[in-house]
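*Asks:* Sending over a structure as structure tokens; questions will come in a sec.
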Amino acid sequence: MNEAEAIAENQVKSAVSGDMVTMKSLWENQDCVITFFRRFGCQFCRLAAKQLSEIKPKLDEHNVRLVGIGVEEIGVKEFIDGKFFAGDLFIDVEKKCYKDLQYKRYGILNLIPALFAKTSRDAVSAVSSIFLLIKYLWQFLIE
1 MNEAEAIAEN QVKSAVSGDM VTMKSLWENQ DCVITFFRRF GCQFCRLAAK
51 QLSEIKPKLD EHNVRLVGIG VEEIGVKEFI DGKFFAGDLF IDVEKKCYKD
101 LQYKRYGILN LIPALFAKTS RDAVSAVSSI FLLIKYLWQF LIE
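Residue numbers for the sequence shown, in this note's numbering: 1 to 143.
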């Protein structure tokens, strides 16, 4: 069984409308790129969302849908309001997709060393730069 078959019947909730849909409905009528976000408030997830959003115009040219899936509603409003992701957002309320895809959950003990890795430091730096730019632009627009 491949990954798509493993999660096809799982239900996810639209972050915008609240409608529940099956995962397979996301790709049944259109090719689809699906990414999974650990948390909508996570800086790494926000950076990845911004980077993926950069290719959305190309995906649109080829009629490919961009979809993001998170595991909880916490932070989703800020994620949407901050325009971090240009695709459609859904929430895996039961975390079933994560379980079926056998994604690892990280606890504090194995997460701390990962935060000090060079890739993590580079990602934090990139996210901080984006936020500083947004803050600067916002101040410029207000004055």
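Idealized CB from N, CA, C, for every residue including glycine.
Helix, strand or coil for C97? Go by DSSP, reduced to three states.
*Replies:* Residue state, collapsed to three classes: helix.
*Asks:* What are the boundary residues of the beta strand (DSSP E) that includes R46?
*Replies:* Where R46 is concerned, there is no enclosing beta strand (DSSP E), although the alpha helix (DSSP H) it sits in stretches over 43-53.
*Asks:* What do you get for M20, buried or exposed, if any count of 16 or more other CB atoms within 10 angstroms of its CB means buried?
*Replies:* Classification for M20: exposed.
*Asks:* How long is the line joining the alpha carbons of Y103 and E3, rounded to whole angstroms?
*Replies:* Approximately 12 Å between the Cα atoms of the pair.
*Asks:* Kindly list the residues whose CB is nearer than 6 Å to the CB of I7, restricted to its own chain and excluding five residues on each side of it in sequence; keep chain order.
*Replies:* Correct list, in chain order: M23, C97, D100.
*Asks:* What does a CB cutoff of less than 8 Å around G82 pick up in its chain, not counting 5 residues either side in sequence?
*Replies:* Contacts found: R46.
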